[in-house]
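Asks: Take this structure first; my questions come after.
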Amino acid sequence: VEGLGRLLESPKQNVQLRAVDLVRTRGLPGLDSKLEQIANNSKAPDQTRISALAAIASHNPKLSDAQYQLLMSKLDPATDAILRQSAAQVLARSQPGKEQLLTLAHKYLPKSDPLTLSTVLECFRASNEQETGDALVAVLKRSPAALGTRGEGRLQSHFAQAPEATVKRAGPLCERLRG
């Protein structure tokens, strides 16, 4: 792990990215402080930063506000498709708080392409807040293409923890998938 830690500090971007990817894919412990430094380094390439966040989120799904802002900013359709999907996957595996979910639903998801939107929706599963559930329903009502990627069972699972009022608002979406 010590040798890998030195590679994470490498000034060579390609070496650092490969080291981050190795830590991420192998789930190697004990390198979180170095991964945090990379993820929070605004001078590091976005792909390296997002890969570091993926490694962190795999065992610590609560990220900082700045880290969520970085990930959400990469959901823009103008962002490279691979980077955009990488950011979406990290968000899907994370556990954003209510404010981050609302920001996602109001500011970023309405502009997202169907594949990105479909991936990011996973982070809403654990929310039991009516406001976030209602925001998710509103996004899905405006995004029929993304709704079509869900399937009724998968869509219902997003609202399993939601209050009854939100489940009722999601009802027409489920009916649309049946019909």
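Per my numbering, the sequence shown starts with residue 58, numbered consecutively. Backbone N, C-alpha and C define an ideal beta-carbon position, used for all residues, glycine too. Please read these numbers as outputs of a predicted model, since none were measured by experiment.
(1) Residue ranges of each alpha helix (DSSP H) run of no fewer than 4 residues wholly in the segment 134-201, ordered along the chain?
(2) Please state whether the Cβ-Cβ distance between L132 and I107 is less than 8 angstroms.
(3) With distances taken between CB atoms, is the gap from V194 to T223 smaller than 8 angstroms?
(4) Determine the closest residue to K100 out of L61, H215, T160 and P68, with distance taken between C-alpha atoms.
(5) Are the Cβ atoms of L204 and L234 separated by less than 8 angstroms?
(6) Spatial neighbours of A192 within its chain, please: C-beta separation below 8 angstroms, excluding the five flanking residues on both sides.
(7) Please report the distance separating the alpha-carbon of N185 from that of Y165.
Replies: Put simply:
(1) Counting only runs of 4 or more, we get 138-150, 155-160, 171-177 and 187-199.
(2) It is not a contact, given that the beta carbons lie outside the stated cut-off.
(3) One thing to note: V194 has its Cβ within 8 angstroms of the Cβ of T223.
(4) The candidate whose alpha carbon is nearest that of K100 is P68.
(5) For L204 and L234, yes; Cβs fall inside 8 angstroms.
(6) Once the five neighbours on either side are set aside, the close Cβ partners of A192 are L158, L159, A162 and H163.
(7) C-alpha separation (whole angstroms): 21 angstroms.
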